[in-house]
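Numbers in this note's numbering are just positions in the sequence shown, counted from 1, shifted up by 8. Structure first, then comments.
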Amino acid sequence: MEPVSFTLAEPPSLLNLQQRCVRIPFPERVSLPGVAVFASALFVVQQLEGTALYFSAGCVAFILIAAFGFNLGGGLARTAGAYIFFYSLLVFIVGVTYKAYLGEPGETNLSVPKIDILVYLGGISGMAAAAFLSKKLARRTPLLKNVLDHRNMYRASVGCMVVGSLGGLTIALMGEAGLRLNAAFTQLNLLIPLGIILGVIYEIKESGGTRSVNFAILIGGGYAFLFYGITNFSKQGMLTPLLCWILPVCALRYRMSLIQILSVAGGVFLIFFLLVPYAQYGRRFLRPEMTSADKMALAYKLLSKPTELRSNFEEDPGIPTYYNTAQGFWDRLQFISVDDPLVDITHQGRKFGYSPLLLTAGNVIPHFIWPDKPSFNLGNTYAHELGHMNPYDFSTGISFSPTAEAYHLDGWRSLLVVAPMLWLMLFVVYDTVFGDLRSTPWGLLVLAQLTHSAPEGALNGTIYLVTFGIEIVVFCAYFAAWIAPYFAILALGPPKPLQPEFIGPRTPVQRTATLNPET
Numbered sequence: 009m010e011p012v013s014f015t016l017a018e019p020p021s022l023l024n025l026q027q028r029c030v031r032i033p034f035p036e037r038v039s040l041p042g043v044a045v046f047a048s049a050l051f052v053v054q055q056l057e058g059t060a061l062y063f064s065a066g067c068v069a070f071i072l073i074a075a076f077g078f079n080l081g082g083g084l085a086r087t088a089g090a091y092i093f094f095y096s097l098l099v100f101i102v103g104v105t106y107k108a109y110l111g112e113p114g115e116t117n118l119s120v121p122k123i124d125i126l127v128y129l130g131g132i133s134g135m136a137a138a139a140f141l142s143k144k145l146a147r148r149t150p151l152l153k154n155v156l157d158h159r160n161m162y163r164a165s166v167g168c169m170v171v172g173s174l175g176g177l178t179i180a181l182m183g184e185a186g187l188r189l190n191a192a193f194t195q196l197n198l199l200i201p202l203g204i205i206l207g208v209i210y211e212i213k214e215s216g217g218t219r220s221v222n223f224a225i226l227i228g229g230g231y232a233f234l235f236y237g238i239t240n241f242s243k244q245g246m247l248t249p250l251l252c253w254i255l256p257v258c259a260l261r262y263r264m265s266l267i268q269i270l271s272v273a274g275g276v277f278l279i280f281f282l283l284v285p286y287a288q289y290g291r292r293f294l295r296p297e298m299t300s301a302d303k304m305a306l307a308y309k310l311l312s313k314p315t316e317l318r319s320n321f322e323e324d325p326g327i328p329t330y331y332n333t334a335q336g337f338w339d340r341l342q343f344i345s346v347d348d349p350l351v352d353i354t355h356q357g358r359k360f361g362y363s364p365l366l367l368t369a370g371n372v373i374p375h376f377i378w379p380d381k382p383s384f385n386l387g388n389t390y391a392h393e394l395g396h397m398n399p400y401d402f403s404t405g406i407s408f409s410p411t412a413e414a415y416h417l418d419g420w421r422s423l424l425v426v427a428p429m430l431w432l433m434l435f436v437v438y439d440t441v442f443g444d445l446r447s448t449p450w451g452l453l454v455l456a457q458l459t460h461s462a463p464e465g466a467l468n469g470t471i472y473l474v475t476f477g478i479e480i481v482v483f484c485a486y487f488a489a490w491i492a493p494y495f496a497i498l499a500l501g502p503p504k505p506l507q508p509e510f511i512g513p514r515t516p517v518q519r520t521a522t523l524n525p526e527t
């Protein structure tokens, strides 16, 4: 009898964990039958929990119209689709879904839920109509194409991060003479997010899809995370570096390894479990007179005791809004409770008029032409109108959704006529300038902007996007292509001359036959 041999299975190795296995989708369409199933399930759950029939039916209609508009707008690859996606998800869908998860009727804790749901339905219908018309009016070939070869993206990425991090500090050293210049630079400074996007694109293409991160990306992302997020207690600042990595990863169909998937999951867990409570709890201790050093000292004090920080936040998570109890970060993933008071006073006849749109349009005029150009904070103004703001506080910014402000300006006329015209203008202009947002780093930068401006930029934000918004992105694009590589010399030294690329097969050497003198 032959001896029986046994083979022991090899233990899992780091190599196995590094195998590319998953691509994050970059959706251009959603399945309407699948969306209908989700909306129907939400309807059933809401009815079992006692939600009013009109509100549940309105939720189903909103979700279906949003999905239809998303497909019409070209999905996340186009401005219209991306705008509808982030607006519908972060203003309404997440909120009503999470409320159903908590077992609470959907219309509770709202002053005028019937008007609220009608306003949201009118707004999402106007967006879908604008998305449909924009496809017929926009230029097919975008004006701003990719002006930077991927071989030059690494130095452009480093240069953007150098200027983005040190530019403001350098201008501040100029004293009073640099105050106005620093204000302009701050407004234009999306260089670090763009630097991260450029670096990720370069690394994926240069490595043939085996890497997506390099040392410069880690430095730039860490700087943005620390100084824009941690020091300023900003959730957006903490999430922006991760978002600027995910967008090119999705656009280039990069395969993620198991290690990367676990790292991203761990980072998201850390943000939700610790850093979101840190941002919301820590803001209570901020004072207008605090310097950056004071904020960093406060940040160190809070983060050095994470267990105590989490405990303090859970004991006092804030004031309940849409939900029966305060839900921390989930309270920020809906605007229903924020919009409801503004819709309520508008329904009572207190319309604001169109001056916010005129002010935003007039803000396009530069200071050297209009030296005394007034500054304004419309969200703060609306909050004072509602009585939700300290009478002496004119600096705190309050965000409202585009549909709430559209209704507040002039009621149904401004919501159903003026707002769709502004959305149509936005979609046509951005499609004409940028086209497919996946095709260039600047398009991905636009997509990163829309995650914030679509849900909470209000209606005047559409005018801002087609004026200052385009100026910022175009400035960043040409700065990265023409100027940033020179600033990369500060970190990388002078560039090495590019080796000429050989194109095509080598021509075989033709040997001339030797003449035979004897013949």
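Beta carbons are placed, not taken as given, at the ideal position from N, Cα and C, and that holds for glycine. Keep in mind the model is a prediction, meaning the values are calculated, not measured.
Validate contact between the stretch 110-129 and the stretch 43-60 using beta carbons, cut 8 Å, 3 pairs: Note that the stretch 110-129 touches the stretch 43-60; at least 3 beta-carbon pairs, one per stretch, sit closer than 8 Å.
Simplified DSSP state of M298, which is helix, strand or coil: As a first step, residue 298 must be located in the sequence shown, where it is residue number 290. Under the three-state reduction of DSSP, M298 is assigned to coil, being neither helix nor strand.
Within the stretch 388-446, ranges of the beta strand (DSSP E) (whole runs, at least 3 residues): Those beta strand (DSSP E) runs which fall completely within the stretch 388-446 and span 3+ residues do not exist here.
Any non-hydrogen atom of the ligand ZN closer than 7 Å to Q55 Cβ: The ligand ZN is not part of the structure shown, which contains no ligands of any sort.
Neighbourhood of F7 by C-beta, 7 Å cutoff - its chain only, sequence neighbours within 5 removed: This structure leaves residue 7 out entirely; the chain is present only between 9 and 527.
Reference L247, options L434, A301 and A287, closest by Cα: Here residue 247 refers to the residue found at position 239 of the sequence shown. Taking only the C-alpha atoms, the option nearest L247 is A287.
V120, DSSP secondary structure in three states: As a first step, residue 120 is located in the sequence shown; it is residue number 112 there, counting from the start. Annotated three-state conformation of V120 is coil, per DSSP.
Unbroken beta strand (DSSP E) run spanning S265, endpoints: Working through the sequence shown from its first residue, we reach residue 265 at position 257. Counted as a single uninterrupted DSSP element, the beta strand (DSSP E) harbouring S265 occupies residues R263 to S265.
Buried or exposed (CB count within 10 angstroms, at least 16 for buried), L428: Sequence index remark: in the sequence shown, residue 428 carries index 420 (1-based). The question names Leu, but residue 428 in the sequence shown is Pro. A residue is called buried when at least 16 other Cβ atoms come within 10 angstroms of its Cβ; P428 meets this threshold and is buried.
Local Cβ density within 10 Å of I225, reported as buried at 16 or more and exposed below that: Taking the sequence shown and counting its residues from 1, the one referred to as residue 225 is at position 217. Under a 10 Å Cβ-count criterion, I225 is classified as buried, with 16 or more other Cβ atoms of the shown protein chains found around its own Cβ.
Member of P379, A412, H460 and V171 whose CA lies at the smallest distance from the CA of A488: Indexing the sequence shown from 1 puts residue 488 at position 480. Comparing Cα positions, the closest option is V171.
Inter-stretch contact at 8 Å, needing at least 3 Cβ pairs: the stretch 137-152 / the stretch 429-446: Pairwise C-beta distances place the stretch 137-152 in contact with the stretch 429-446, as three or more of them are shorter than 8 Å.
Exposure label - I254; buried when at least 16 CB within 10 Å: If you number the sequence shown from 1, residue 254 lands on position 246. I254 comes out buried.
Cβ of Y109 within 8 Å of any chain C Cβ: Annotation note: the requested chain C is absent from the structure, which comprises a single protein chain.
Other residues of its chain near L118: CB distance less than 8 Å, five sequence neighbours each side excluded: Counted from its first residue, the sequence shown places residue 118 at position 110. Excluding residues up to 5 positions away in sequence, D124, Y330, I344, S345 and D348 lie with their Cβ nearer than 8 Å to the Cβ of L118 in the same chain.
R295, buried or exposed, once every other Cβ within 10 Å from all chains shown has been counted against 16: What you label residue 295 is simply residue 287 of the sequence shown in a count that begins at 1. R295 is exposed by the Cβ-count criterion.
Inter-stretch contact at 8 Å, needing at least 3 Cβ pairs: the stretch 235-251 / the stretch 453-461: In short, these stretches touch, since the Cβ pair count reaches three.
Rounded C-alpha distance that separates Q54 from L467: On the sequence shown, position 46 is the one that residue 54 refers to. On the sequence shown, position 459 is the one that residue 467 refers to. Near 30 Å, if we compare the C-alpha coordinates of L467 and Q54.
Cβ neighbour criterion (16 or more within 10 Å) applied to V45: The sequence position of residue 45 within the sequence shown is 37, counting from 1. With fewer than 16 other Cβ atoms within 10 Å, it is exposed.
C-alpha gap between I406 and N388, whole angstroms: As a position in the sequence shown, residue 406 is number 398, starting the count at 1. As a position in the sequence shown, residue 388 is number 380, starting the count at 1. I406 and N388 have their C-alpha atoms roughly 6 Å apart.
Ranges of the beta strand (DSSP E) found wholly within the stretch 222-301, counting only runs of at least 3: Runs of the beta strand (DSSP E) inside the stretch 222-301: 263-265.
Contact between the stretch 471-480 and the stretch 159-168 (3+ Cβ pairs under 8 Å): Note that the stretch 471-480 does not touch the stretch 159-168; fewer than 3 beta-carbon pairs, one per stretch, sit closer than 8 Å.
For G469 and Y109, the rounded distance between their alpha carbons: One-based indexing of the sequence shown puts residue 109 at position 101. One-based indexing of the sequence shown puts residue 469 at position 461. Going by C-alpha positions, Y109 is about 32 Å away from G469.
Selected residue, minimal CA-CA separation from F140, among F495, M433 and L98: By one-based count along the sequence shown, residue 140 stands at place 132. For the set F495, M433 and L98, the Cα lying nearest the Cα of F140 is the one of M433.
Own chain, CB closer than 7 Å to L202, minus 5 neighbours either side, in chain order: For the purposes of this step, residue 202 is taken as the residue at position 194 of the sequence shown. The answer, listed in chain order, is C168, P449, L453, C484 and A488.
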